[in-house]
Amino acid sequence: MLILKSIAYITIIVWLIIPIRQFKTRFFLFFLILGLLDPIAYSLGHILNLNYTVSYLFGTIVLLYPTLFEIKRKIKLWLVFACLTIGLFVVLYPINVSTIIQIVIHFIIFISFLRILVVFFSENRRILLFHLMLVVYEFSLLLKFFVYYHEVGVGPAYYYVTTSFQIMIGIFFLFVNEVNRPKLII
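Numbering (the working numbering), first residue to last: 122 to 307.
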């Protein structure tokens, strides 16, 4: 239990610091929401006895907004509002439905980041390590939700490995942003 709490606190600290490094980049709001999501879910879970899944569902829905770069603001707001409305109804159903919605939203975010990576590569013939790490991070989240949804019996070991991997990705984002970035020339 001590290892679990230590990993949780390290995750919270790392992801709370990342938005400071990403300030004034187009990904700032994305990292700010990610950084605040764990402490808010943890607080709501302990103070209001709110199920963590509900907090993460609404946090994931809000996380969708800053990742839809190419969509007009009005359409993004309507899309997020529609997802929030669906989320309110989903709260009444079993947790599996909530997990499916989170998988779909993270898949949309994954595709958005993958599109950014591909467009940048096609225009510059370079891959930004920053974009690649965003794609890898979202893919790791998709895997985590997929394993959680299918209740694959890998237990705590899988949680430790994926969360440790996400902490390492977070440490990467502490040092690298889209402006200050290493390029991989292919």
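All C-beta atoms, glycine included, are put in the ideal place defined by N, C-alpha and C.
Being a predicted model, the structure only gives us computed values, none of them experimental.
By the C-beta density criterion, residue 126 is exposed, having fewer than 16 other C-beta atoms within 10 angstroms. Going by C-alpha positions, residue 132 is about 10 Å away from residue 286. For the pair residue 176 and residue 161, the CB atoms are nearer than the 8 Å cut-off.
Across the set 262, 225, 146 and 234, the C-alpha of 225 shows the shortest separation from the C-alpha of residue 208. Spatial neighbours of residue 278 in its own chain (CB-CB distance under 6 Å, excluding positions within 5 residues in sequence) are not present. Residue burial is scored here from C-beta neighbours: residue 230 has at least 16 other C-beta atoms within 10 angstroms and is therefore classed as buried. Approximately 6 Å separates the beta-carbon atoms of residue 139 and residue 295; this is inside 8 Å, confirming the contact.
In the structure shown, the three-state DSSP call for residue 169 is coil. With distances taken between CA atoms, residue 124 lies nearest to 281 out of 290, 210, 281 and 137. Setting aside the 5 residues that flank it on each side, residue 158 is surrounded in the same chain by 180, each with a C-beta closer than 6 Å to its C-beta; the list follows chain order. The C-beta of residue 144 has fewer than 16 other C-beta atoms within 10 Å across all chains shown, which makes the residue exposed. The Cβ-Cβ distance between residue 290 and residue 270 does not fall below 8 Å.
Here residue 152 is buried: its Cβ has 16 or more other Cβ atoms, across all protein chains shown, within 10 Å.
For residue 178, DSSP assigns no beta-bridge partner whatsoever.
Cβ-Cβ distances below 7 Å link residue 148 to 299 in the same chain, with the five nearest sequence neighbours on each side left out; the list follows chain order. By the 16-neighbour rule on beta-carbons within 10 angstroms, residue 227 is buried.
The alpha-carbon separation between residue 217 and residue 297 amounts to approximately 35 Å. According to DSSP, residue 124 shares a beta bridge with no other residue.
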